[in-house]
């Protein structure tokens, strides 16, 4: 079941949509992930959330087939849980925010 983009925007708060995009972007900089997820993964997660699923559950469903781990020994579900939790997410947000220059 695919939900149209307009319906997603109506059903999912903007802050949550931004968080979903940040989680997907974080897959591209996580040290255990070789190939991160694309924007299509964010749309899939948002669609699942719009359908009533919790964020972590939606990420666990949508992301495993959309990312490639560096090592097959690494548990993809643990990494996804780390991305959804504030643990890795807060580090990513710090790296993402632009540094302001004090030069004039």
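Numbering (my numbering), first residue to last: 9 to 112.
Just so you know, even glycine gets a beta-carbon here, dropped at the ideal spot from N, CA and C.
Worksheet item: Where do the ends of the beta strand (DSSP E) carrying residue 41 lie?
Response: The residue labelled residue 41 in the question sits at position 33 within the chain shown. Residues 41-43.
Item to complete: Count the CB pairs spanning the region 26-42 and the region 61-77 that are closer than 8 Å, and state whether there are at least three.
Response: yes
Item to complete: Give the secondary structure of residue 119 by DSSP, where H, G and I count as helix, E and B as strand, and everything else as coil.
Response: Outside the displayed range of the chain (9 to 112) lies residue 119, so it cannot be described from this structure.
Worksheet item: Roughly how many angstroms separate the alpha carbons of residue 17 and residue 81, rounded to a whole number?
Response: Counted from its first residue, the chain shown places residue 17 at position 9. Counted from its first residue, the chain shown places residue 81 at position 73. Answer to the nearest angstrom: the Cα atoms are 37 Å apart.
Worksheet item: Rounded to a whole number of angstroms, what is the C-alpha to C-alpha distance between residue 93 and residue 14?
Response: Counting from 1 along the chain shown, the entry for residue 93 is found at position 85. Counting from 1 along the chain shown, the entry for residue 14 is found at position 6. Whole-angstrom Cα-Cα distance: 27 Å.
Practice prompt. Tell whether a beta-carbon distance below 8 Å holds between residue 69 and residue 56.
Written response: Residue numbering aside, residue 69 sits at position 61 when the chain shown is read from its first letter. Residue numbering aside, residue 56 sits at position 48 when the chain shown is read from its first letter. Yes; because the gap between Cβ atoms is below 8 Å, this pair is in contact.
Item to complete: Give the secondary structure of residue 61 by DSSP, where H, G and I count as helix, E and B as strand, and everything else as coil.
Response: Residue mapping note: residue 61 aligns to position 53 of the chain shown, counting from 1. In this structure, residue 61 counts as coil in the three-state DSSP scheme.
Discussion item. Helix, strand or coil, according to DSSP, for residue 82 in the structure here?
Written reply: For the purposes of this step, residue 82 is identified with residue 74 of the chain shown, where counting begins at 1. Looking at residue 82 - three-state DSSP - the assignment turns out to be coil, as it is neither helix nor strand.
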